[in-house]
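For reference, each letter of the sequence shown is one residue, going 17 to 320 in my numbering.
Have a look at the structure below before the remarks.
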Amino acid sequence: MARLLFDRGARGAIIADIQQHLADAGHHFDDIDGIYGQQTASSVQSFQQAKQMPVTGSIDTTTWTSLTNEPIPSLEQRCLDLTSTFEGHGFTLAQGNFDGAGITWGIIGFTLQAGEITQLVEAACAQDAAFVRDCFGDQTDALLAMLKEAWPQQLAWADSVSLGSQKATLAEPWKSGFAKLGGAKSVQQLQLDRVRAAYFQPALSTAADFDLTTELGVALCFDIHVQNGGIHQDAAKEVRAQLKAGMSEEDIRVLIANAVADHANEAWREDVRNRKLTIAKGNGVVHGITAVLRNWGLDEVAAT
Numbered sequence: 017m018a019r020l021l022f023d024r025g026a027r028g029a030i031i032a033d034i035q036q037h038l039a040d041a042g043h044h045f046d047d048i049d050g051i052y053g054q055q056t057a058s059s060v061q062s063f064q065q066a067k068q069m070p071v072t073g074s075i076d077t078t079t080w081t082s083l084t085n086e087p088i089p090s091l092e093q094r095c096l097d098l099t100s101t102f103e104g105h106g107f108t109l110a111q112g113n114f115d116g117a118g119i120t121w122g123i124i125g126f127t128l129q130a131g132e133i134t135q136l137v138e139a140a141c142a143q144d145a146a147f148v149r150d151c152f153g154d155q156t157d158a159l160l161a162m163l164k165e166a167w168p169q170q171l172a173w174a175d176s177v178s179l180g181s182q183k184a185t186l187a188e189p190w191k192s193g194f195a196k197l198g199g200a201k202s203v204q205q206l207q208l209d210r211v212r213a214a215y216f217q218p219a220l221s222t223a224a225d226f227d228l229t230t231e232l233g234v235a236l237c238f239d240i241h242v243q244n245g246g247i248h249q250d251a252a253k254e255v256r257a258q259l260k261a262g263m264s265e266e267d268i269r270v271l272i273a274n275a276v277a278d279h280a281n282e283a284w285r286e287d288v289r290n291r292k293l294t295i296a297k298g299n300g301v302v303h304g305i306t307a308v309l310r311n312w313g314l315d316e317v318a319a320t
């Protein structure tokens, strides 16, 4: 039996890929926006009708293969689309010092404070220094010099180029420069490589530590590593103290979600709780987005 993969409400790069394939196949598409809405559903129905398939407007495994002739997106890709939607950055958006991390940029919100922006910019320079200079112009040397400074100096610089009462907006030419840098396929691949090594692989280890074997379990751990840097040692102890024989994985996920939130910064605590419980339970509303995770290709099935 074909499995449902993607349906209304899902967002991200995979959905944009579906939309592009629909357009290429001649099924009318005005706006490739990466949001699975009514237009996407109608175009899927049109494709299914043309292929004499069951007309559902949903992408199941059979429809995916017929439409794309590509492998089903990996669990890593599906987790990334969910978490990157919650993060709200995409590959290109750079924001200022709104949260004390200096600058935040890229698909999962890489930060200056964590050293990730330094690593990515330096890797981009190693690949194509001329392109990086094209992005930042005559400010390139100033940027590269700042990236070699100690954190207090980096933070002071980031604060000086952050605008607005919340410091969320990055001043020019930095905002446009990072947008152009993040728009390059080669730099996007650098970001994805970083996601895999620093977030997804550790998330798999965390899932194994708590015997989480489902797609939702891995998705929860991935989101925790991205937003919270992993499960705090004290939070992990609290979860283990509450584990009981025969608990369902969903109950364990809920324990983890609440423990992670309880140890989060108070300013963000309830946002963390809502986001983590949405993943733990498989549905919810995060930042105004209704998320039914089975429509994002994430379900209560074995992670593979």
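Ideal Cβ positions, reconstructed from N, Cα and C, are used throughout, including at glycine.
Across the region 242-256 and the region 273-282, are there enough close Cβ pairs to call them in contact, namely three or more that are closer than 8 Å? Using a Cβ-Cβ distance cut-off of 8 Å, the region 242-256 and the region 273-282 are in contact, since at least three pairs of beta carbons, one from each stretch, lie closer than that value.
Inter-residue CB distance, LEU20 and SER74 (contact presumed, cutoff 8 Å): Here residue 20 is taken as the residue at index 4 of the sequence shown, counted from 1. Here residue 74 is taken as the residue at index 58 of the sequence shown, counted from 1. The pair is a contact, with the Cβ atoms about 6 Å apart (cut-off 8 Å).
With DSSP as the reference, please indicate the residues paired to ASP76 in a beta bridge. The residue given as residue 76 occupies position 60 in the sequence shown. Answer is LEU20.
Enclosing alpha helix (DSSP H) for GLY104 [first to last residue]: Taking the first residue of the sequence shown as 1, we reach residue 104 at position 88. Going by DSSP, GLY104 is part of no alpha helix (DSSP H) at all; its letter is neither H nor E.
If we call anything under 8 Å between Cβ atoms a contact, is SER100 one with ILE123? By 1-based counting over the sequence shown, the position of residue 100 is 84. By 1-based counting over the sequence shown, the position of residue 123 is 107. The answer is yes: Cβ separation under 8 Å.
Kindly indicate which three-state DSSP category PHE226 falls into: helix, strand or coil? Numbered from its first residue, the sequence shown carries residue 226 at position 210. It is coil, neither helix nor strand.
Where LEU38 sits in the DSSP three-state scheme: Along the sequence shown, read from residue 1 onward, the residue named residue 38 stands at position 22. Three-state DSSP puts LEU38 in a helix.
Among ILE295, ALA318, VAL317, which has the Cα closest to the Cα of LEU98? Along the sequence shown, read from residue 1 onward, the residue named residue 98 stands at position 82. Of the candidates ILE295, ALA318, VAL317, the one whose C-alpha sits nearest the C-alpha of LEU98 is ILE295.
When the distance is taken between beta carbons, is LEU197 closer than 8 Å to CYS141? Here residue 141 refers to the residue found at position 125 when the sequence shown is read from its first residue. Here residue 197 refers to the residue found at position 181 when the sequence shown is read from its first residue. Between CYS141 and LEU197, the C-beta gap is not smaller than 8 Å, which leaves the two residues out of contact.
Can you tell me whether GLN35 is buried or exposed, with buried defined as 16 or more other CB within 10 angstroms of its CB? The count along the sequence shown starts at 1 and reaches residue 35 at position 19. GLN35 comes out buried.
Who are the Cβ neighbours of GLU11 in its own chain at under 6 Å, not counting the five residues just before and after it? An answer regarding residue 11 cannot be provided, because it is not within the stretch 17 to 320 covered by the chain.
Please classify TRP167 as buried or exposed, where buried requires at least 16 other C-beta atoms within 10 Å of its C-beta. Taking the first residue of the sequence shown as 1, we reach residue 167 at position 151. If you draw a 10 Å sphere on the C-beta of TRP167, you find fewer than 16 other C-beta atoms in it, and that means exposed.
Distance, GLU86 Cα to ALA32 Cα: The residue labelled residue 32 in the question sits at position 16 within the sequence shown. The residue labelled residue 86 in the question sits at position 70 within the sequence shown. If you take the alpha carbons of ALA32 and GLU86, they lie about 14 Å apart.
Hey, out of THR185, SER181, ALA195, PRO70, whose CA is closest to PHE147's CA? Here residue 147 refers to the residue found at position 131 of the sequence shown. Put simply, of THR185, SER181, ALA195, PRO70 the residue whose alpha carbon is nearest the alpha carbon of PHE147 is ALA195.
Supposed close pair THR56, GLN64 - CB separation, criterion 8 Å: In the sequence shown, residue 56 corresponds to position 40, counting from 1. In the sequence shown, residue 64 corresponds to position 48, counting from 1. Not quite, the Cβ-Cβ distance comes to about 12 Å (not below 8 Å), so this is no contact.
Nearest-angstrom Cα distance between MET263 and GLU316? The count along the sequence shown starts at 1 and reaches residue 263 at position 247. The count along the sequence shown starts at 1 and reaches residue 316 at position 300. For MET263 and GLU316, the distance between alpha carbons rounds to 15 Å.
Separation of ASN113 from THR134, as counted between CA atoms: Numbered from its first residue, the sequence shown carries residue 134 at position 118. Numbered from its first residue, the sequence shown carries residue 113 at position 97. Cα to Cα, the separation comes out at about 16 Å.
Please go through the same chain and pick out, in chain order, the residues whose beta-carbon is closer than 6 Å to the beta-carbon of ASP23, but skip the five residues on each side of it. Within the sequence shown, the letter at position 7 stands for residue 23. Cβ-Cβ distances below 6 Å link ASP23 to SER74, ASN311 in the same chain, with the five nearest sequence neighbours on each side left out; the list follows chain order.
Between the alpha carbons of ILE88 and THR81, how many angstroms are there, rounded? Residue mapping note: residue 88 aligns to position 72 of the sequence shown, counting from 1. Residue mapping note: residue 81 aligns to position 65 of the sequence shown, counting from 1. Linking ILE88 to THR81 through their CA atoms gives a straight-line distance of about 8 Å.
Measure the beta-carbon distance from GLY118 to LEU171 and round it to whole angstroms, keeping in mind my assumption that it falls under 8 Å. Taking the sequence shown and counting its residues from 1, the one referred to as residue 118 is at position 102. Taking the sequence shown and counting its residues from 1, the one referred to as residue 171 is at position 155. Going by Cβ atoms, the distance from GLY118 to LEU171 rounds to 5 Å, so yes, they are a contact pair.
Please return the same chain residues whose Cβ sits closer than 6 Å to the Cβ of ILE272, not counting the five positions on each side in sequence. Counted from its first residue, the sequence shown places residue 272 at position 256. Closer than 6 Å at the Cβ level, and outside the excluded window around ILE272, lie VAL255.
Select from THR108, ALA283, VAL288, PRO189 the residue whose C-alpha is nearest the C-alpha of LYS201. Taking the first residue of the sequence shown as position 1, residue 201 is located at position 185. The candidate whose alpha carbon is nearest that of LYS201 is THR108.
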